[in-house]
Structures are given as structure tokens and as C-alpha cells.
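**Q** Note that the protein sequences, when read in sequence, are chains A, B and C. Be aware that the first sequence starts at 1, since it is given in the UniProt record's numbering, and climbs by one per residue. Be aware that the second sequence starts at 1, since it is given in the UniProt record's numbering, and climbs by one per residue. Be aware that the third sequence starts at 1, since it is given in the UniProt record's numbering, and climbs by one per residue. From the three backbone atoms N, C-alpha and C, an ideal C-beta is built for every residue, glycine too.
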Amino acid sequence: MFLKNAWYVACTPDEIKDDKPLGRKICGESMVLYRTADGSVTALEDFCPHRGAPLSLGFLRNGTLVCGYHGLEMGCAGKTTGMPGQRVNGFPTIRSFPAIEKYGFIWVWPGDRAEADPAKLHHLQWAEDPAWAHGGGLYHIRCDYRLMIDNLMDLTHETYVHASSIGQKEIDEAAPKTTSVGDEVITSRFMENVMPPPFWRMALRGHGLADDVPVDRWQICRFSPPSHVMIEVGVAHAGKGGYNAPAEGKASSIVVDFITPETESSIWYFWGMARNFRPEDKELTDTIREGQGKIFGEDLELLEQQQRNLEAWPDRALLKLNIDAGGVLSRKVIERLLAEERKSQSDRKVIPLANASEAS
Amino acid sequence: MFLKNAWYVACTPDEIKDDKPLGRKICGESMVLYRTADGSVTALEDFCPHRGAPLSLGFLRNGTLVCGYHGLEMGCAGKTTGMPGQRVNGFPTIRSFPAIEKYGFIWVWPGDRAEADPAKLHHLQWAEDPAWAHGGGLYHIRCDYRLMIDNLMDLTHETYVHASSIGQKEIDEAAPKTTSVGDEVITSRFMENVMPPPFWRMALRGHGLADDVPVDRWQICRFSPPSHVMIEVGVAHAGKGGYNAPAEGKASSIVVDFITPETESSIWYFWGMARNFRPEDKELTDTIREGQGKIFGEDLELLEQQQRNLEAWPDRALLKLNIDAGGVLSRKVIERLLAEERKSQSDRKVIPLANASEAS
Amino acid sequence: MFLKNAWYVACTPDEIKDDKPLGRKICGESMVLYRTADGSVTALEDFCPHRGAPLSLGFLRNGTLVCGYHGLEMGCAGKTTGMPGQRVNGFPTIRSFPAIEKYGFIWVWPGDRAEADPAKLHHLQWAEDPAWAHGGGLYHIRCDYRLMIDNLMDLTHETYVHASSIGQKEIDEAAPKTTSVGDEVITSRFMENVMPPPFWRMALRGHGLADDVPVDRWQICRFSPPSHVMIEVGVAHAGKGGYNAPAEGKASSIVVDFITPETESSIWYFWGMARNFRPEDKELTDTIREGQGKIFGEDLELLEQQQRNLEAWPDRALLKLNIDAGGVLSRKVIERLLAEERKSQSDRKVIPLANASEAS
Numbered sequence: 001m002f003l004k005n006a007w008y009v010a011c012t013p014d015e016i017k018d019d020k021p022l023g024r025k026i027c028g029e030s031m032v033l034y035r036t037a038d039g040s041v042t043a044l045e046d047f048c049p050h051r052g053a054p055l056s057l058g059f060l061r062n063g064t065l066v067c068g069y070h071g072l073e074m075g076c077a078g079k080t081t082g083m084p085g086q087r088v089n090g091f092p093t094i095r096s097f098p099a100i101e102k103y104g105f106i107w108v109w110p111g112d113r114a115e116a117d118p119a120k121l122h123h124l125q126w127a128e129d130p131a132w133a134h135g136g137g138l139y140h141i142r143c144d145y146r147l148m149i150d151n152l153m154d155l156t157h158e159t160y161v162h163a164s165s166i167g168q169k170e171i172d173e174a175a176p177k178t179t180s181v182g183d184e185v186i187t188s189r190f191m192e193n194v195m196p197p198p199f200w201r202m203a204l205r206g207h208g209l210a211d212d213v214p215v216d217r218w219q220i221c222r223f224s225p226p227s228h229v230m231i232e233v234g235v236a237h238a239g240k241g242g243y244n245a246p247a248e249g250k251a252s253s254i255v256v257d258f259i260t261p262e263t264e265s266s267i268w269y270f271w272g273m274a275r276n277f278r279p280e281d282k283e284l285t286d287t288i289r290e291g292q293g294k295i296f297g298e299d300l301e302l303l304e305q306q307q308r309n310l311e312a313w314p315d316r317a318l319l320k321l322n323i324d325a326g327g328v329l330s331r332k333v334i335e336r337l338l339a340e341e342r343k344s345q346s347d348r349k350v351i352p353l354a355n356a357s358e359a360s
Numbered sequence: 001m002f003l004k005n006a007w008y009v010a011c012t013p014d015e016i017k018d019d020k021p022l023g024r025k026i027c028g029e030s031m032v033l034y035r036t037a038d039g040s041v042t043a044l045e046d047f048c049p050h051r052g053a054p055l056s057l058g059f060l061r062n063g064t065l066v067c068g069y070h071g072l073e074m075g076c077a078g079k080t081t082g083m084p085g086q087r088v089n090g091f092p093t094i095r096s097f098p099a100i101e102k103y104g105f106i107w108v109w110p111g112d113r114a115e116a117d118p119a120k121l122h123h124l125q126w127a128e129d130p131a132w133a134h135g136g137g138l139y140h141i142r143c144d145y146r147l148m149i150d151n152l153m154d155l156t157h158e159t160y161v162h163a164s165s166i167g168q169k170e171i172d173e174a175a176p177k178t179t180s181v182g183d184e185v186i187t188s189r190f191m192e193n194v195m196p197p198p199f200w201r202m203a204l205r206g207h208g209l210a211d212d213v214p215v216d217r218w219q220i221c222r223f224s225p226p227s228h229v230m231i232e233v234g235v236a237h238a239g240k241g242g243y244n245a246p247a248e249g250k251a252s253s254i255v256v257d258f259i260t261p262e263t264e265s266s267i268w269y270f271w272g273m274a275r276n277f278r279p280e281d282k283e284l285t286d287t288i289r290e291g292q293g294k295i296f297g298e299d300l301e302l303l304e305q306q307q308r309n310l311e312a313w314p315d316r317a318l319l320k321l322n323i324d325a326g327g328v329l330s331r332k333v334i335e336r337l338l339a340e341e342r343k344s345q346s347d348r349k350v351i352p353l354a355n356a357s358e359a360s
Numbered sequence: 001m002f003l004k005n006a007w008y009v010a011c012t013p014d015e016i017k018d019d020k021p022l023g024r025k026i027c028g029e030s031m032v033l034y035r036t037a038d039g040s041v042t043a044l045e046d047f048c049p050h051r052g053a054p055l056s057l058g059f060l061r062n063g064t065l066v067c068g069y070h071g072l073e074m075g076c077a078g079k080t081t082g083m084p085g086q087r088v089n090g091f092p093t094i095r096s097f098p099a100i101e102k103y104g105f106i107w108v109w110p111g112d113r114a115e116a117d118p119a120k121l122h123h124l125q126w127a128e129d130p131a132w133a134h135g136g137g138l139y140h141i142r143c144d145y146r147l148m149i150d151n152l153m154d155l156t157h158e159t160y161v162h163a164s165s166i167g168q169k170e171i172d173e174a175a176p177k178t179t180s181v182g183d184e185v186i187t188s189r190f191m192e193n194v195m196p197p198p199f200w201r202m203a204l205r206g207h208g209l210a211d212d213v214p215v216d217r218w219q220i221c222r223f224s225p226p227s228h229v230m231i232e233v234g235v236a237h238a239g240k241g242g243y244n245a246p247a248e249g250k251a252s253s254i255v256v257d258f259i260t261p262e263t264e265s266s267i268w269y270f271w272g273m274a275r276n277f278r279p280e281d282k283e284l285t286d287t288i289r290e291g292q293g294k295i296f297g298e299d300l301e302l303l304e305q306q307q308r309n310l311e312a313w314p315d316r317a318l319l320k321l322n323i324d325a326g327g328v329l330s331r332k333v334i335e336r337l338l339a340e341e342r343k344s345q346s347d348r349k350v351i352p353l354a355n356a357s358e359a360s
């Protein structure tokens, strides 16, 4: 169960080529994504109304999507605009999905078009500020999207899954604090006077800071629906103010996670890191991406096997410890919004009483 | 749904080795195919009556099929003829399928044996005439066999799927004409005064004809049940008579397509080309086979993805445009014959009334 | 259908690393196997009670199993013994399976713990006697475990499946004799005055015996539940006493087969050979293992395809010839024990009548 009335990351801009559309299933909807002549992004059902071929196997002719089977030209609203030798007025319309390009991502709304409002897209300050840079990647993982939310909202797993890079035993020892504000869930953990693990030693050196002294370290995970998790992470030399230390005395960044369900049991996982130091240094962006990709790749097998285990033992209840509070509260937010979504759908199906009596 | 009372191509003669049988599923029937001592072809259920091992994992001993597990010797009518240390009279008979070798192919009849008549095999004139040569290959494709019939009965797809070889925009511009005569469906398209695409330029040069002048081009697709499509294709220098030009003034051939269902959603696709020029030139046969194999390979992914799309949207109706008339009429022929096949089966199951009263 | 109240080989000792547990499904039960600090073997459900991750993805810390996701420490009885920052008393217990290490194998009891008695483990004399050596390997095969029992209890297949190593036509000619004693089934075959096939020629040479003279050959297959097959095999120079010839006049060994069901249609097949000559010669052990592995690998495809055939034709009865008597009787033993196992389970669920009347 996932929310359909929400903006999800569908792909990154570089995945849509000028001449070649992209086929991708998002929240159970097979979509074809491409850019029209004016550069704007379109998302349609990946189904040619002529003979059912995937439109994503076609090509773009001056920004018009052409089916690769018999040359049907599809308009960006899902209405066929032409086909060699055919009158196309009566062709059935295929579904189009609201799509926008913003913050360095292509976003789609797989649910009810009437509800799709660009204003509902989260504001990502770091994505618009030239003082920040972002780099990241994409993994396809065969697990329920909520397992990934759990994963990101409980970073005690770093000690075990990422022992050689960002894990350290002091994570286990510092209890997280979880709060919920509206639809947002925040889990934060502060470690004081600990030695930095390898990843953070590297980051300190990158800032010209000593890497062999104790630091204060923080992790502030923020879930927001439908399935985004932003994590403020950083270290400062111990006693210099920690999270609130001046910029030149700390190394910090934001781990950026957009989790897009493909099906009930698979996801497109857009991971990345936003930083506000040396934003122009593309080589640094690449180095960080490579390191982060390796670290995040360590979660893949575990999540996929966890998924298979939960499918094999569907009736077994999982524990909800204090460290799980972030995931548990996030799931509650999702449950509440899902209930609202269902209610909103069923309300619309009810014949208003007033009309009913008029009709009688 | 496919016809079972029909001759299908099971394999090419070279696929049956002297010492090794071939296992292949045809119209849902798992068969073992081999050649007996007198050289004739046999098709049996691929199931050893002893312990159920596939007989196709066995071997041939002087033309007798021997199970590779415990040495059971299977006769070509499905009756066990021997087994070391055993009396085999009481062994259950396995099903045998009528099989004939003709026209350079092995044909089987997966349906009712009583209906199998070699005379029902289509006559293939080019296969018997020494003035003709044939070369071809085999693809396994995961799609309903009717999608391949549609594909071959509507060559407008050449413009898109085979753009760099046989496609040209004039195909789209020349409306096809479709007729139906008995069980045969014919779709023909004539293009006049067009420049030949790369494949045909090569063919013209092969005939010693200029390849840089306009030509008249034709495509005459003939469907016949259960699922054969023969396509007369060719070009002649423009104005010299087109399809009816004298042999020395044109380059022409027959595209030969035998589509054998494996299951409801997969096929064995025997493709090839028959030509009546330089029939003795085996190098040319190879060159054509290679070129054609490459072109026909371009359809594979599209057909498989179309199949998956249709399975995902089972209730969606497809368009039936004029260009689709060939496929649409072919499907109608198949539907009619399927209905006859079903009726013939149910008729046979009815206890005749006369007998019933005699019994009372 | 397989017996659950029985000792099965789970793995060999080398598959359990000091720092890394092993995940394996046995009789439908997903297990994690490892060795505790005292060196004893433990088998638990492969399911972390915290979030359902497979414990087999974790690691061992001084003989304690630690979940690789969040560091839960699992005790060897299935009770959580610790977790960073958590009180674990209330954590649900996961199932533990009786496990013992003996005879060079790790054995588990996937059924009712109350019935698990180490005394029920078969005695394997060759495994404890320093005059014997054993070498073997493991294959994963997608077939019902009973197909492998059939295979091993009817060695006429050697003539066909293993024609180039241990097969010879005289096997077919010597009728086997099958008897059943309690739960054990014995099929024996004696061939007199036959030329040894390649494998046995090699073995004779290894014993310093002439390999180009006629021999008496024997095969004595012993099935015992749940699914073990031990086969005494050997050759002696003809007329020197055969099976009862003095040790220095024959080459003989025991083929050791432990068949552990993974699911209803797949097995872990532990094969090997025990010999009582040159037991200290590890190079010979390796040579025999390599040869036997190659021979036994010849059965894999056949068994997997037989399984697929039987699944495709579920209603077809198989023949039960004299050569099949070993498998047929073995299946009868299994059926009888399965019925007892079912009865024992249902008995335990019945409220005793005496108690019922007391309560009223």
C-alpha cells in the first residue's frame, strides 16, 4: 500500500534522452517519460492505443513521441496527434500523469490528476541555493518501500551494515529521540566526544580540519510523505558547538533519499548527498557519490532478504523498539494519509443526496 | 488458443541428429522428435512410460529411441519395444504425433490423429523447384503467435522497426489492400516510383541492376492457417511492369514465415527467404540469411514487450485500422476454424441417439 | 511429503565458518546454522525477532550470533540475549532445532523437538573407524527427494547415465534382489565373471591388482529413513570369493548418499564415498571425489527434467518393475512412517476422554 496522490521522483533529468523516451513503472503504473519540444517533461501510460506496444520503445521526433511499431504520434496529453495514413480523432486517449521538473529531478503524480498541485511538492532549499551541490545515484531494490523508510529512520544499523565506513559503536549507545510534527517525523541522535569513523575522518580532512581528534557527531532524520527521508549528518570538533558550530568548524551534509515504489515489493531508490562546501568541485561530488554508492549498496541484499523473510512469515509481528520509533511513526503518518486517500475516493463515488432527491 | 488439427513446422531437418533426438514443445505438447532407421521422422510424447524421464534426453541406437535413464526402447508408434530384463507387452503406450518431412522442414500434427492427412499440407512450389533456393533460421519469442501474424500482415512496421534496411516512408503512404479468399488472407501494397531502401539496393546490385534509380516495389502477404505467412516482395526499375516485370528486370523473393505456437504465449518462429535467382549460390544464401536474421531480430523485443503489455492490460481493446485488416481477417479465419475444431470434438463426445435407444 | 521427525544432514562442518553462520532451508524450514563458543552446533529459525532480517546475514562474535542489521544477540535456544540499548526479556523466542555434529556431518531435526533423540541417529561404522576414509560433495537439485532415492535404489541407470565410467551392460542382465527388513530396504545385484568398467579398472590398479581380467562385481543398496542410501560396491578377481573375498583381493567401498529435502521439489544432495584402503592418502580422497562428482553430476539434468515432466503430467502412473522394487519399497516405508507421524500429531491434539469426563 502506497500513497498515489503524491509527488514521487520518477527519474533524474539525464535518464531522459533527447531522442529516446524512458519506460518506468511507478506505484504500479507503467509510464513513458520524455521531454517535449519546449523542454517540459511528460509522463504517459506506456501503452500505444493502436496495438498495445510500449511507447517507451519508440523515439522522439522533434519532441513528439512516436511509437516504434507503426509510427503513431502521441500528444503529451495522451491524445493521438497523428499516424501515417490514418484519421486519429477517434483514437482512445491514454492516461497522462502530472509531471514536473524541479530541484534536479523529474517528479510524477501517479494518482488523481485533480489533486496534483505543484505547490504540494516539498521545498528543497539546498537544491536551489548555489552554495550547495548535490550528487547521487539510483538503485533498484526488491523490497517494500517501507522497509527502506525503516532503514533510514533507524541509523543504528550503520554500526552493523556499514561498520567500515560510517558505523561506530557509540551510535548504539546514544539513544535517538523521535518526534512527530504534522506529517513530518524527526529522529535525532547526538554523540558527544567520540572518535570520527573513516568516512567522517575523510570529510574532516576535506575541510582542512584535524581528523584524529574527538568530535561531536549528529544525525537528524526527517521523514516526510509520501516516502522522502532527508538526513542532516555531520561532525564538529568536540566542544565547539556540535550541530550549531560555525560552518568553518564542522563537516556536514544532507543525505537525500527519495524512495519511489515500483510495485508493492520493489522500489526505485534515489539516494544522494547535498553539501554546502566546495559546491563547485565536481571531482569531490564524484568522490562522494562513489563512496556513498558503495555504502548504500551494502543495504541492498539485507533489505531484499528481509523482504523475502517477511513474505515467508507474513503473520509474524515485528518488534517496535525505541530505535524503531522513526519508522513506526512514519508508517502511522502513511496509514493516516492512506485512509484519507481512500475516504476521498469513496466520497467522490457517493451520489449526493440532494441530487438524488431532485431526480426522484 | 491455437488450432491443433493442423500441420506445424516442428523443426528443420538439421536439428535432428542421427544419434540424438530433439525435445520441443509444440502447441502445448512436449514432443521428442527423431529419425528412425529408414530415415523417416517420428514424433512422440516426451515422456518415458517407465519413470517419466524425457525421452529426448536419451539416444538413438540404429534408429531406435532409447531412454537415457534405464534403457527402455521406444517404438515409433509409442509402444515400448524392449527393455533389458523386462517383458514390455503391458507397458502403457505413449502418444505419437503424425509427422512428415517435406519441403525442407519437419511437420507435426499436434491434434487428432484421425484428421491428419498429408494432403492437408500446403503446397510450397518454391520448395520443390530447383530454380529456387531457401535459407532461414529459428527464433524463440515469448509472445502469442497471433502477434507475429499481425506483425507480418501489416508491413507498415518496416518503416519504424526496420528503418535502416527495408523501411521507407512510402510504405506508410501506400495504403494496403486486404482480401480474403476461403481460408487465405491477402494484404498487398504497391509503391510506384520510389527510391529503393538499402536492402533492395543490395538485391538490385546482386541482380546486376542499377540500384540508384527509382523502382516500383511490392509486398503481397498471404496468410494461411494455422499460422503461415508467405510474403512476395520485390522491386523492379520504375515503369518496367512492376510485379509483372520480366524476371531479368526485377529483384524479388518470397519471405517465408512459419509460426509454431509453443505455449499460449510463446512461439517457435521459423523465418526464411526463398529466391529464384542464383539458387546454387550457397554463399549468397548465407549472406541473405545473415541480413534477414538481423532484420527479423529487431522485432523480438518489441513483440515480447507488446505481449507483456497486453497481459498487464488484458481488458483494453486494440484498434483495428485499415493497415491491421490483414491481421484482423487472419484472426477471424483462425476463430472460425477453432470453432469448427471445438464443434467437431464435442460432436464426437455425444452418444448417438440411435445407440442410446438400442441400449435401453 | 517428507518426514520431519528425523535426523537430516544439514551441512558439512566446513560450511560453518568461525565468524559466519550458514543459512539453509531444510524440509521447508529456513534455518541459520552456526557453532557456539564451546564448538557445539546450533540451528535456529533464520528470522531475527526484531525486524525479520535473516540471521544468517549476520556474524559471530565469540560464538554468539549477532544480527547483521541492528546488532541483536541471539542465544542458542532462540532467546535473545542482548541488544545495544535494549531490554530484551520480552522479545519473542524464535524456534530452535535440535542439531548434533557426528560422523563428519552436521545433523538437524526439523520436526518435533520432544521426539529428537541423538540415539535415533543411524550408526555409521565407517565414519568412526580410522581404517576408513570419506570424501564427498554437495549438489543442489530441483527434484523431489524420492526421485533421488529411486535413482540410487535402482542402479540399472548406471548403464545409461554413467556409460563411460561405472556402467556396463551386465548390470542390465543381472536381476536385482530386493528385500525389506524393518525400516531398511536392501537391493542387491551380483555380476559374475564380467570385465570391469573404467572406474573399477582404476580402483583395481589403485589396489595393485590386475585390471584386465574378469571380476565378480556387487552392488548392495541400503535405504534407511528418512532418506539415506548407503551402497556397498566392489569388484574382486573372478572366482576369488566375490563380496566375501579377502580384503587384499578386492577393491570395494561404500557410496554414501544423504538426501535432504529443501522443499517438496528440491534437495540438498550430500554424496560421497567411504573406503577402507589407504585411508590416510588425502590425494586419493581428492581424486575419488573428483571422479565421483563428475559421475554424480550426470544425474542432475535427468532428475530435474524428470521432475518437470512429472509436474506437467501429474496424473500419469509410473511403472513399478522389478528393478524399481528398491524405490517402491523405500517409498512404502516412508509412507508408513509419514502416516505414523501424522497420527502422532493428531493424537496429541485430542483431549483425552478421561480428562474430559473429569472436567464435566
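#1: Buried or exposed: which applies to Val-235/B, given that a residue is buried once 16 or more other Cβ atoms fall within 10 Å of its Cβ?
#2: So Gln-168/C contacts chain B; which residues on that side make the cut at Cβ distance below 7 Å?
#3: Chain C beta carbons: is any one of them nearer than 9 Å to that of Asp-257/A?
#4: Chain C beta carbons: is any one of them nearer than 9 Å to that of Pro-110/B?
#5: Is it buried or exposed, Pro-130/A, if we count other Cβ atoms within 10 angstroms and call 16 or more buried?
#6: Tell me whether the beta-carbon of Ala-274/C lies closer than 9 Å to the beta-carbon of Ile-295/C.
#7: Using a 10 Å radius around the Cβ and a threshold of 16 neighbouring Cβ atoms, would you call Asp-19/B buried or exposed?
#8: Less than 9 Å between the C-beta atoms of Leu-57/B and Leu-44/B, yes or no?
#9: Between the Cα of Thr-179/A and the Cα atoms of Glu-170/A, Glu-73/A, Ile-323/A and Asp-14/A, which residue gives the shortest distance?
#10: Suppose you measure from the CA of residue 366/C to the CA of Tyr-103/C; what does that come to, to the nearest Å?
#11: Do you know offhand how far Val-215/A's Cα is from Gly-78/C's?
#12: Rounded to a whole number of angstroms, what is the C-alpha to C-alpha distance between Val-108/A and Ser-330/A?
#13: For chain A, is any of its Cβ atoms less than 9 Å away from the one on Met-1/B?
#14: Please list, in chain order, all residues of the same chain as Val-66/A whose beta carbon is under 6 Å from its beta carbon, the five residues on each side excluded.
#15: If the cut is a Cβ gap below 8 Å, which residues of chain A does Gln-305/B touch?
#16: Any C-beta of chain B sitting closer than 9 Å to the C-beta of Trp-313/C?
#17: Can you tell which of Gly-182/C, Thr-187/C, Ile-166/C and Ala-210/C has its C-alpha closest to the C-alpha of Ala-175/C?
#18: List the residues of chain A that Ala-175/B touches, going by C-beta distances under 8 Å, in chain order.
#19: Does any residue of chain A bring its CB to less than 9 Å from the CB of Asn-355/B?
#20: Run through DSSP, which three-state label would Asn-309/A get?
#21: Contact defined as beta carbons within less than 8 Å: I believe Ile-106/B pairs with Ala-99/B. What is the distance between those atoms, to the nearest angstrom?
#22: From His-70/B to Gly-28/B, what does the alpha carbon distance come to, in whole angstroms?
#23: Use the C-beta contact count for Asn-151/C: other C-beta atoms within 10 angstroms, 16 or more gives buried, fewer gives exposed.
#24: So, for Glu-298/C: in the same chain, excluding its five sequence neighbours on each side, which residues have a beta-carbon less than 8 Å away from its beta-carbon?
#25: For Gly-111/A, which option in Pro-246/A, Ala-6/A, Ala-325/A and Tyr-139/A has the closest C-alpha, if you only look at C-alpha atoms?
#26: If we ignore side chains and look at the alpha-carbon of each, how far apart do Arg-113/A and Ser-224/A end up?
#27: At a cut of 8 Å, does the segment 300-320 of chain C reach the segment 131-145 of chain C through at least three beta carbon pairs?
#28: Work out the CA separation of Glu-262/C and residue 377/B for me, nearest whole Å.
#29: Can you give me the Cβ contacts of Arg-189/B inside the same chain, cut-off strictly under 6 Å, excluding the 5 residues immediately before and after it?
#30: Using beta carbons (cut-off 9 Å, strictly below), is Ser-344/B in contact with chain C?
#31: Tell me the residue span of the beta strand (DSSP E) that contains Ile-267/B.
**A** According to the structure shown:
#1: Classification for Val-235/B: buried.
#2: Result: empty, since nearest Cβ-Cβ is about 12 Å, beyond 7 Å.
#3: no
#4: no
#5: exposed
#6: no
#7: exposed
#8: Remark: C-beta atoms of Leu-57/B and Leu-44/B do not approach each other more closely than 9 Å.
#9: Ile-323/A
#10: With chain C covering only 1 through 360, there is no way to say anything about residue 366/C.
#11: 39 Å
#12: 22 Å
#13: For Met-1/B, the nearest beta carbon of chain A is not closer than 9 Å to its own beta carbon.
#14: Annotation for Val-66/A: Gly-58, Phe-59 and Glu-73 place their beta carbon closer than 6 Å to its own, counting only its chain and skipping 5 residues before and after.
#15: Ala-53, Pro-54 and Leu-57
#16: Yes, Trp-313/C lies at the interface with chain B (some Cβ there is under 9 Å from its Cβ).
#17: Residue Thr-187/C is the option with its Cα nearest to Ala-175/C.
#18: Gly-85
#19: With a pLDDT of only 44 at Asn-355/B, under the threshold of 50, the placement of this residue in the model should not be trusted; the figure read from the coordinates follows. No - not a single Cβ of chain A is within 9 Å of the one on Asn-355/B.
#20: helix
#21: 6 Å
#22: Going by the C-alpha atoms only, they are around 27 Å apart.
#23: With 16 or more other Cβ atoms within 10 Å, it is buried.
#24: Around Glu-298/C: Val-161 and His-162.
#25: Ala-6/A
#26: Rounded to whole angstroms, Arg-113/A to Ser-224/A spans 21 Å at the Cα level.
#27: Segment contact: the segment 300-320 of chain C against the segment 131-145 of chain C, three or more CB-CB distances shorter than 8 Å; contact assigned.
#28: Nothing about residue 377/B can be read from this structure; chain B reaches only from 1 to 360.
#29: Ala-174, Pro-176 and Gln-219
#30: no
#31: Residues 266-275.
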